[in-house]
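Chemist:
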Amino acid sequence: GVDTVVWARLGSHLHAVANYSYWRVSQMGLDDVWRRAQHEVRHQARLELNYAHPGSWATSLRWRYVSGHPYTPFSPAASLKAGRAVFDLTRINAVEYPPYHRLDVRADKTLTRGRASTIVYFEVDNLYDHDNLLVYKWDRKLRSPKPTYQWGRTYVGGLRVEF
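Numbering-wise, the numbering used here puts 103 at position 122 of the sequence shown, and it's gapless, one number per residue.
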């Protein structure tokens, strides 16, 4: 695999970080056949912009992309016959989930008193509310695969104290 990172200062208060990774991971099954590993994610990219206001405010924008990882699909005929999920073992890790991507934004306010700092933050994850498929599960009622998605747009707020 290959990992790259580039960092640049774009002004006195703005900097950017970009990274890209490419990985190719194989594993040998009990049948002595090499296949893509289930956890293989070939392409990963991230672009992050951070702005630190001269006072105590900071904001950031982060975009992430991950290519789909492989999975073994269900065998619909065998699953229907068995009444439960049955994988198509002739296609082990032969199908790929769709790519994952999201945009996150965050704002921080730092309050300093003596040697302690308190950071109050608010962020919005997956700002554009993209449907990122997590996994397929076999649905007995539908008698077919059913997609399970990761969270859509998510609001997060918090407080961190540092000494």
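No residue lacks a Cβ here, since even glycine has one placed at the ideal position from N, Cα and C.
Measure the CB-CB distance between residue 109 and residue 76 and report whether it falls below 7 Å.
Modeler: Taking 7 Å as the Cβ cut-off, residue 109 and residue 76 do not qualify as a contacting pair.
Chemist: Hey, could you find the ends of the alpha helix (DSSP H) residue -7 is sitting in?
Modeler: Counting along the chain, residue -7 falls outside any alpha helix (DSSP H), and DSSP gives it neither H nor E.
Chemist: Alpha carbon to alpha carbon, what distance is there between residue 65 and residue 199?
Modeler: Look at the range of the chain in this structure, -18 to 144, and you will see that residue 199 is not part of it.
Chemist: Over what stretch of residues does the beta strand (DSSP E) that includes residue 128 continue unbroken?
Modeler: 125 to 130
Chemist: Select from -10, -5, 2, 121 the residue whose C-alpha is nearest the C-alpha of residue -18.
Modeler: 2
Chemist: With DSSP as the reference, label residue 71 as helix, strand or coil.
Modeler: helix
Chemist: What's the C-alpha gap between residue 17 and residue 113?
Modeler: Computed Cα separation, rounded: 22 Å.
Chemist: Can you round the beta-carbon distance between residue 85 and residue 106 to whole angstroms, since I take them to be within the 8 Å contact cut?
Modeler: 5 Å
Chemist: Use the C-beta contact count for residue 144: other C-beta atoms within 10 angstroms, 16 or more gives buried, fewer gives exposed.
Modeler: Exposed is the call here.
Chemist: Work out the CA separation of residue 92 and residue -7 for me, nearest whole Å.
Modeler: 21 Å
Chemist: Sorted by chain position, which residues of the same chain lie with C-beta nearer than 8 Å to residue 135's C-beta, five sequence neighbours on each side aside?
Modeler: 105, 106, 107
Chemist: Beta-carbon separation of residue 74 and residue 19 under 7 Å?
Modeler: A contact, by the Cβ cut-off of 7 Å.
Chemist: Which same chain residues, not among the five before or five after residue 142, have their C-beta less than 6 Å away from its C-beta?
Modeler: Hits under 6 Å: 99.
Chemist: Count the other CB atoms within 10 Å of the CB of residue 103; is the residue buried (16 or more) or exposed (fewer)?
Modeler: exposed
Chemist: Assign residue 59 to one of three DSSP states: helix, strand, or coil.
Modeler: helix
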